[in-house]
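Those letters in the sequence shown? Residues 50 to 115, by my numbering.
For glycine and all other residues, C-beta sits at the position ideal for the given N, C-alpha and C.
Have a look at the structure below before the remarks.
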Amino acid sequence: LFHKVISISGCPWSAWGFSSPNQAEERAFGLGIALGIDTNDRTVLFNELAKRPADELIKAQQNLTQ
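Following this line, the structure appears as structure tokens:
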């Protein structure tokens, strides 16, 4: 019935679902800082985050939210 789908779940009323663009950007730069990426440039941040393995991003994000 389904082919190449990703099953996800969540609540549309979750706090993360209501982040403003500014809040999301602040979190992204916070993640960058946690990973040792020292920049104020969105493009540089994106490129550096894209180079990191997923498990490293997940671990850093978990450390920020604990």
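If you draw a straight line from the Cα of Ile107 to the Cα of Pro70, it is about 21 Å long. Comparing alpha-carbon positions, the option among Ala103, Thr92 and Leu84 lying closest to Leu113 turns out to be Leu84. Linking Ser56 to Glu74 through their CA atoms gives a straight-line distance of about 26 Å.
In this model, Arg91 and Val54 are separated by some 30 Å (Cα to Cα). By alpha-carbon distance to Lys100, the top candidate from His52, Gln115, Gly81 and Arg76 is Gly81.
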